[in-house]
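Going by this note's numbering, the sequence shown opens with residue 3, and the numbers climb by one from there. Even glycine gets a Cβ: it sits at the ideal position worked out from N, Cα and C. Scroll down for the structure; my scribbles are underneath it.
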Amino acid sequence: MIIGLAVFFAVLSFIVSYRVVVGPTITDRLIGADTIGIFMSMVMLMIALEYDMFLLVDIVLAYAVLLFIDMLIYAKYFEHGELYK
């Protein structure tokens, strides 16, 4: 069941990659890239839970924090045109 969900999220990330490549605006591309990161972190989390690799859970949490921080940086940059304003 868990591996099936992991495969489902992997397929969804390939579908969202269309939005990253073809997205009409940079915002669509950033949201698509963030969604792919979230889906891949879910895949890693499900694999970690299936195979009892609890160190991978900590890595997934750190990866999720980095995804959140980089989206904040991108949002600030594209709102103001620079990072320090």
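Checklist entry - With burial defined as no fewer than 16 other Cβ atoms inside 10 Å of the residue's Cβ, what is the status of methionine 46: buried or exposed? => result buried
Item to check | Of the listed residues Asp36, Ile17 and Ala8, nearest to aspartate 72 (C-alpha basis) | outcome: Asp36
Checklist entry - Just how far apart, CA to CA, sit tyrosine 65 and isoleucine 17? => result 21 Å
Checklist entry - Taking the alpha carbon of phenylalanine 70 as the point to measure from, which residue in Phe56, Met48 and Ile40 has its own alpha carbon closest? => result Ile40
Next on the checklist: Tell me whether the stretch 42-59 and the stretch 3-18 touch, counting them as touching only if at least three CB pairs, one residue from each stretch, are closer than 8 Å.
Outcome noted: yes
Item to check | Rounded Cβ spacing between tyrosine 76 and leucine 32 (contact assumed at less than 8 Å) | outcome: 5 Å
Checklist entry - Can you give the Cα-Cα distance for glutamate 81 and methionine 42, rounded to whole angstroms? => result 27 Å
Checklist entry - Who are the Cβ neighbours of isoleucine 38 in its own chain at under 8 Å, not counting the five residues just before and after it? => result Ser15, Val18, Ser19 and Val22
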